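Novice: Chains as they are written, first to last, in this note's numbering: chain D, 1 to 113; chain H, 114 to 629.
Just passing along the structure, written as structure tokens.
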């Protein structure tokens, strides 16, 4: 299991997922929340790519020699969607800053539960 | 049982919606030059009508084969073959949902012409509305998880921006941000489930996946449950199942009322649809036992949301919690179907799915009607507090009558659509006939009565009581606003009095989903 094996990338994506979710849960700054979403998106994309690679590797026994076109197409679309979501989220952050003059999520909690 | 069909015929409604959506900026420019502020709204309604005509034409051509339970498939890249090509798959369930999405979308866009007339940036509003419905129709006709995910995100992004459309106020911004963060995380969890599916089966096609998971052994069964959980949680955020519902009571009141009707009537139904497709289509209930999980979640969802709804004084917030309650009812129908099929009680399985489908229909129409009517009250009275809206229904008789019929239908009063669906749901639950389902169904029955209590309280305050101080000067809303309300009200009454054709459609959709 070296850097060229899919298992390493799966482990990497799990670590990235943990970092992203931690960032989403713990950070109070709105921009850091957006960064958390992006890190989580990247983690899931990496997971999708490396899982499809792992599947190819188990079938053909030639690690890294083949690609899975469907998974890669899905990842490319997911990256585009992630970009759109980041843009929309940042525009909401800008509008929130215009209303409150702060980016602190704790100070935004005017909504009742 | 699948027949090929041209992709342009199946995707006609989606293409029409996207073309009209893309033409909105130009129309907005012309609107500004002509100083005629209804142009984009009328054009959006025309776009929805085109989509409806396309769908009607499709149904007219293929209904005879669809009704027999045949699924029509078509591929974007037919030369690539089954695992690779992007596939569209249409069966009775898909057309049922697509017809609901486009029909309610048409009525909501007609309502918006007058309701949104004081807002600016209407070209963006209608472009997003058309894209939202295009995304939902795409989710309904998707034949693999690739297509489903693409259209799912189209739907999600449009609904985020529509929730925070009135960006000059604080509430939509805050609710929109919360919705965006939670729902994006949900989509990512679903994508993780999809990537695991791809790892274990090497395909995303629904039919091939169901073959791959048809006879699961030990490890495959375990993986199946993990994927099922991920898909359930991921799409469950949008469907607002209880631990993941917290975005909904903020987002629905913050959005314009037309968008609340859209979210509550349709978007959360798209979440339920994705759960139903992902579970029933791929993991056959005879091999996997997830009915128990669905039923437990359904009972928790209904109970928690009922208690929260009872405490609300904001009319839109109350209706938003009641949407979560009704999602609980729909999920109960799905859960009963899965549970009964796992036990081998086929009739209860069919009844549960028929109940769930009928409840999707009756709740979409009823809750759409209620949000539109509440929006009509709120625009005139400038308040969302129930007690300040006291007697508003007397001041605005048409809206008041439609509001009352919607409330009665949701509370399950006999000659209306809500009665039919709740009757089938509870009958399905009791016809399984073991202790667990009897207890769960009784809890749902208690919850149903409990829900009727606050619907009737709302009816009593807003319509029956004499006019309060705030509503003395109210006038009836414009005919353009009243017409969609009256159409929805008549639909509720017709479905309640004569549900047989719809029950037939729901039964064939249910047996198509449950076939081994």
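The beta-carbon is built from N, C-alpha and C at its ideal position, and this holds for glycine as well.
Remember, it's a predicted structure, so these values are computed and weren't measured experimentally.
Tell me which residues share the same chain as residue 641 of chain H and place their Cβ nearer than 6 angstroms to its Cβ, disregarding the 5 neighbours each side in the sequence.
Specialist: There is simply no residue 641 of chain H to check, as chain H begins at 114 and stops at 629 in what is shown.
Novice: Taking the alpha-carbon positions, what's the residue 255 of chain H to residue 434 of chain H distance?
Specialist: Those two C-alpha atoms are separated by around 30 angstroms.
Novice: Per DSSP, what kind of secondary structure is residue 402 of chain H in: helix, strand or coil?
Specialist: Looking at residue 402 of chain H - three-state DSSP - the assignment turns out to be coil, as it is neither helix nor strand.
Novice: Beta-carbon within less than 7 angstroms of residue 425 of chain H's beta-carbon, same chain only, minus the 5 sequence neighbours each way: which residues are those?
Specialist: Closer than 7 angstroms at the Cβ level, and outside the excluded window around residue 425 of chain H, lie 431 and 434.
Novice: Along the chain, where does the beta strand (DSSP E) that runs through residue 604 of chain H open and close?
Specialist: Per DSSP, residue 604 of chain H belongs to no beta strand (DSSP E); it is in the alpha helix (DSSP H), 592 to 610.
Novice: Establish whether the CB of residue 436 of chain H and some CB of chain D are separated by less than 8 angstroms.
Specialist: Closer than 8 angstroms: no.
Novice: Is the shortest distance between the beta-carbon of residue 51 of chain D and the beta-carbons of chain H less than 8 angstroms?
Specialist: Yes, its Cβ sits closer than 8 angstroms to a Cβ of chain H.
Novice: Quick one: what does DSSP say residue 201 of chain H is sitting in, helix, strand or coil?
Specialist: Reduced to three states, the DSSP call for residue 201 of chain H is strand.
Novice: Note down, in chain order, all residues in the segment 287 to 298 of chain H with a beta-carbon under 8 angstroms from any beta-carbon belonging to chain D.
Specialist: Answer set for the segment 287 to 298 of chain H: 287, 288, 289, 290, 291, 293, 294, 297 and 298.
Novice: If you run the structure through DSSP and keep just helix, strand and coil, what is residue 330 of chain H?
Specialist: If DSSP states are grouped into helix, strand and coil, residue 330 of chain H belongs with coil.
Novice: Please list the partners that residue 305 of chain H has in chain D, where partner means a Cβ-to-Cβ separation under 7 angstroms.
Specialist: Neighbours of residue 305 of chain H on chain D, chain order: 44 and 47.
Novice: Which runs of the alpha helix (DSSP H) spanning at least 4 residues fall entirely within the segment 207 to 275 of chain H, listed in chain order?
Specialist: Within the segment 207 to 275 of chain H, the complete alpha helix (DSSP H) runs of at least 4 residues are 235 to 254.
Novice: Tell me, which residues are paired with residue 29 of chain D by DSSP?
Specialist: Answer is D/104.
Novice: Taking 7 angstroms as the limit between beta carbons, can you name the residues of its chain near residue 554 of chain H, skipping five residues before and five after?
Specialist: Hits under 7 angstroms: 539, 542 and 543.
Novice: Are at least three pairs of beta-carbons, each pair with one atom in the segment 117 to 129 of chain H and one in the segment 305 to 318 of chain H, less than 8 angstroms apart?
Specialist: Contact between the segment 117 to 129 of chain H and the segment 305 to 318 of chain H is absent, because fewer than three Cβ pairs lie under 8 angstroms.
Novice: Give the residues from the segment 541 to 574 of chain H that approach chain D closer than 8 angstroms (Cβ to any Cβ), ordered along the chain.
Specialist: If the cut-off is 8 angstroms between Cβ atoms, the segment 541 to 574 of chain H has nothing near chain D.
Novice: Do residue 296 of chain H and residue 350 of chain H have their C-beta atoms within less than 8 angstroms of each other?
Specialist: Yes, the Cβ-Cβ distance between residue 296 of chain H and residue 350 of chain H is below 8 angstroms.
Novice: Give the DSSP bridge partners of residue 427 of chain H, in chain order.
Specialist: According to DSSP, which records beta bridges pairwise, residue 427 of chain H is partnered with H/498.
Novice: For a minimum of 4 consecutive residues, which ranges assigned as the alpha helix (DSSP H) are wholly contained in the segment 490 to 555 of chain H?
Specialist: Counting only runs of 4 or more, we get 505 to 508, 510 to 524 and 530 to 545.
Novice: Against chain D, with Cβ distances strictly below 8 angstroms, would residue 280 of chain H count as a contact?
Specialist: So yes, residue 280 of chain H belongs to the interface.
Novice: Between which residues of its own chain and residue 631 of chain H is the CB-CB distance below 6 angstroms, once the five residues before and five after are set aside?
Specialist: Residue 631 of chain H is absent from the model: chain H starts at 114 and stops at 629.
Novice: So with Cβ pairs under 8 angstroms, would you call residue 29 of chain D a contact of chain H?
Specialist: For residue 29 of chain D, the answer is no, since every Cβ of chain H falls outside 8 angstroms of its Cβ.
Novice: So is residue 213 of chain H buried or exposed if we call it buried at 16+ other beta carbons inside 10 Å?
Specialist: That one is buried.
Novice: Please list the partners that residue 78 of chain D has in chain H, where partner means a Cβ-to-Cβ separation under 7 angstroms.
Specialist: Within 7 angstroms Cβ-Cβ: 304.
Novice: Comparing C-alpha positions only, which one of H/507, H/522, H/171 and H/385 sits nearest to residue 602 of chain H?
Specialist: Measuring from the Cα of residue 602 of chain H, the nearest candidate turns out to be H/522.
Novice: Using 8 angstroms as the Cβ pair cut-off and three pairs as the minimum, do the segment 200 to 214 of chain H and the segment 225 to 238 of chain H touch?
Specialist: As far as the Cβ criterion goes, the segment 200 to 214 of chain H does not touch the segment 225 to 238 of chain H, which means the pair count is below three.
Novice: Buried or exposed: where does residue 358 of chain H fall if 16 or more other Cβ atoms within 10 Å of its Cβ makes it buried?
Specialist: Buried.
Novice: Among residues of its own chain, excluding the 5 on either side of residue 618 of chain H, which ones have a beta-carbon nearer than 7 angstroms to its beta-carbon?
Specialist: Result list for residue 618 of chain H: 205 and 209, in chain order.
Novice: Just to check my reading of the structure: residue 345 of chain H and residue 304 of chain H have Cβ atoms closer than 8 angstroms, yes? What is that Cβ distance to the nearest angstrom?
Specialist: Not really, about 14 angstroms apart at Cβ, beyond 8 angstroms.
Novice: Starting from residue 324 of chain H, trace the alpha helix (DSSP H) in both directions and tell me its first and last residue.
Specialist: Start and end: 319 to 325.
Novice: Spell out whether any CB of chain H is found under 8 angstroms from the CB atom of residue 33 of chain D.
Specialist: Yes, its Cβ sits closer than 8 angstroms to a Cβ of chain H.
Novice: Out of D/104, D/45, D/6 and D/96, which one is the CA nearest neighbour of residue 20 of chain D?
Specialist: Per the Cα distances, D/45.
Novice: Which of the three DSSP states is assigned to residue 96 of chain D in this structure?
Specialist: Note: residue 96 of chain D maps to helix in three-state DSSP.
Novice: Go through the segment 365 to 415 of chain H residue by residue and report every complete run of the beta strand (DSSP E) that reaches 3 residues or more, in order.
Specialist: DSSP runs (the beta strand (DSSP E)) wholly in the segment 365 to 415 of chain H: none.
Novice: Taking a contact to mean a Cβ-Cβ separation below 8 angstroms, would you say residue 569 of chain H touches residue 515 of chain H in this structure?
Specialist: Not a contact, by the Cβ cut-off of 8 angstroms.
Novice: Between the beta-carbon of residue 505 of chain H and the beta-carbon of residue 584 of chain H, is there less than 8 angstroms?
Specialist: Contact flag set, yes.
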